[in-house]
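S.K.:
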Amino acid sequence: MFDPGKDLHRRLQQLQSRFTWDLKKEDLELDDLSKQLQHDIDLQLGQRGALAHSYRFLSYVRYLQGKPEEALSLLTESEEKTRECYGRESELRLIVTYGDLAWLKYHTKDYVQSQTYCQRVEDILVKHPPDSSTDLHPEVYGEKGWTFLKFSNSYYTKAEEYFCKALELQPDDWEWNTGYAIVLYRTEQNVSDWYPEESPATKQLRRALEKNPDDGVLMSLLALKLVHDENKHTEAKGLVKKALEVGQDNTQVTRYVAKYLRNQDQLDESIDLLKSMLEKKSQSSFIHHQLALCYEKKKNKLLGKRVRPESEVQHWTRLCIQHLEESVRLKKGFNAAKALLALQYAQNFERRRAQQMFDDVLLTLEDEPPSIRQYVYRYYAEFCYYHTTQKDLGLTYYKKALEFCINRSHWKHCKLTTIAEGRLKTNPRDAASYGILGAVARAEGNRSRAVRNYERALEIDANNDEYLSALWELRLDLTAHREEKDRPEEKLPEAAYEKVCTKNATV
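So this is what it looks like as structure tokens:
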């Protein structure tokens, strides 16, 4: 027997919609997303079409929050904003909106209207069939890209994939170039010294600015990339100045400029800018976190002095903790902020509270990007090594942080070299310390120094699998990538080489 309900559901499954894109509720910070999107709507932030995007995104969030009527109202508003923005070119931009409306009407048991919106999508696709070389229109790929980019960092890989597909069809479109630049910025670490030329994110930011030269967000992101190249500080400074000129009322611009100022050690200027932003956006977890980082940096400067002004240290510590607690309250899954807060608790002699928070964070790191994992591991290593009796565990986590640490400017903070050199002064035959120095040198790309340190470690601890494996990998690396043309290839000590060969032959 024909079942119209099942037939409608089959039609719905064929639609391009946030309801069919496998967006998992457990992956989303709904409260934080809701506040961000409402703020963007209230201040009408973003480039052409961004307001309509925000209405659509907030509509899906409201549905997940159990507010279908509000979700319908927001989608209707999004349709109006899309028509206002794109006029006759709006039909392809409405494919996903109508798909969402069809699903919402279905979930509210308005099956007639649901079928109407299904038909609208089908009519658009008959009128504007996709190119024979692709499954979807670039507008749909772009919508998927923005959705995955906005909703969760766990979806960044998908966002990159769909912006690439949109660009394959429309390589000069400013919107797809912008989205692709932003996702590359967020997924790529500051690794300028790993590339003979500029990094992929830096190149894409430049390309996006060529297509959209007045975008203050792109300017500030490019400045943050260029600041890691000592030859491009002047260009970065000019971009920041221009970004503030074109986007001084845009909190998305000013928050990145504030981060740039902090990275340049202009802490007071960064703090003033962030405080002014809080007046407009007091519910921003990001701003509270950035303020906390500024206060932590001020505190650390005082700790480096021969005579510590304790009252000032306590002042900056309190402010740091206050803003981190607010940041975590606003965004419960903010692991980087949680880990830093835990470390601040430890430094404030609240070790039990710190341990509990670190335990919670370490259980939820699996889906975090390398940049977040290395921060968390480094903070936990510092906690174990300096605030507990578990120094060996601290060293383990310092080395774990090193594995995830792509930005060389972070390595000096890992304190591994200082720790290893201090241990060697006490015990010149400490194999573990030479192993640590080998790991640091390897991470820095200094293979020759890494080999020498691992060899020293094996002279003391000849059967250590970790050192043997590292030397084997380094030897293969050195064979493939000669560091110095005139330098003979470094070889493993004969005994160590035989052990490694035997070990790898059994794997």
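Numbering of the sequence shown is given in my numbering, commencing with residue 533 and proceeding in unit increments.
Just so you know, even glycine gets a beta-carbon here, dropped at the ideal spot from N, CA and C.
(1) If you draw a straight line from the alpha carbon of Arg615 to that of Ser808, how long is it in whole angstroms?
(2) Could you compute how far the alpha carbon of Lys757 sits from the alpha carbon of Thr734?
(3) Tell me which residue opens and which closes the alpha helix (DSSP H) that Gly598 is part of.
(4) Can you tell me which of the three DSSP states Leu851 falls into?
(5) Quick one: which unbroken beta strand (DSSP E) runs of 3-plus residues sit fully inside the segment 931-989? Chain order, please.
(6) So the alpha helix (DSSP H) Phe890 belongs to, where does it begin and stop?
(7) According to the Cβ coordinates, are Leu805 and Val789 closer than 8 Å?
(8) Closest by CA to Lys637, which one among Ala775, Leu856 and Tyr595?
(9) Based on Cα-Cα distance, which residue from Val893, Ala582 and Leu540 lies nearest to Ala874?
(10) Whose CA, out of Met889, Asn880 and Gln780, lies closest to the CA of Lys812?
(11) Buried or exposed: which applies to Asn782, given that a residue is buried once 16 or more other Cβ atoms fall within 10 Å of its Cβ?
(12) Measure the CB-CB distance between Gly770 and Gly711 and report whether it falls below 8 Å.
(13) Can the beta-carbon of Ala933 be found closer than 8 Å to that of Tyr966?
(14) For Glu1016, is the classification buried or exposed, using 16 other Cβ atoms within 10 angstroms of its Cβ as the cut-off for buried?
(15) Shortest alpha-carbon distance to Glu707 belongs to which of Lys682, Arg718, Phe680 and Glu671?
(16) Can you confirm whether Gln784, when its beta carbon is compared against all beta carbons of chain B, has any partner nearer than 8 Å?
(17) Report all residues from its chain with a CB closer than 8 Å to the CB of Ile656; omit the five preceding and five following residues, and keep chain order.
(18) Under the rule that 16 or more other beta-carbon atoms within 10 Å means buried, what is Asn995, buried or exposed?
(19) Can you give the Cα-Cα distance for Tyr618 and Leu583, rounded to whole angstroms?
(20) Are the beta-carbon atoms of Asp642 and Arg550 separated by less than 8 Å?
(21) DSSP on Thr552, reduced to helix/strand/coil?
(22) Quick check on this structure: which residue in Asn832, Leu823 and Leu668 has the alpha carbon closest to the alpha carbon of Leu856?
(23) With DSSP as the reference, label Leu577 as helix, strand or coil.
M.R.: In brief:
(1) Answer to the nearest angstrom: the Cα atoms are 35 Å apart.
(2) Here the alpha carbon of Lys757 sits roughly 6 Å from the alpha carbon of Thr734.
(3) Note, Gly598: premise wrong, no alpha helix (DSSP H); not H, not E.
(4) Helix, per DSSP.
(5) Within the segment 931-989, no complete beta strand (DSSP E) run reaches 3 residues.
(6) Start and end: Arg883 to Leu894.
(7) If you check the CB distance, Leu805 and Val789 come in under 8 Å.
(8) Residue Tyr595 is the option with its Cα nearest to Lys637.
(9) The shortest C-alpha to C-alpha distance from Ala874 to any of Val893, Ala582 and Leu540 is the one to Val893.
(10) Closest by alpha carbon: Gln780.
(11) Of the residues assessed, Asn782 falls on the buried side of the cut-off, its CB having 16 or more other CB atoms within 10 angstroms.
(12) No, they are not a contact pair.
(13) Against a cut-off of 8 Å, the Cβ pair of Tyr966 and Ala933 comes out as no contact.
(14) Low per-residue confidence applies at Glu1016: pLDDT is 46, beneath 50, and the placement is therefore not dependable, though the value from the model is reported in the following sentence. The residue in question, Glu1016, is exposed, as its Cβ has fewer than 16 Cβ neighbours within 10 Å.
(15) That would be Glu671, whose Cα lies nearest to the Cα of Glu707.
(16) Any reference to chain B falls outside this structure, which holds one protein chain only.
(17) Excluding positions up to five away in sequence, the list reads Glu623, Leu624, Leu626, Ile627 and Tyr630.
(18) With a 10 Å radius around the Cβ and a threshold of 16 neighbouring Cβ atoms, Asn995 comes out exposed.
(19) Straight-line Cα distance between these residues: approximately 12 Å.
(20) Remark: C-beta atoms of Asp642 and Arg550 do not approach each other more closely than 8 Å.
(21) Here Thr552 sits in coil by DSSP.
(22) Answer by Cα proximity: Leu823.
(23) Of the three classes helix, strand and coil, the one that applies to Leu577 here is coil, per DSSP.
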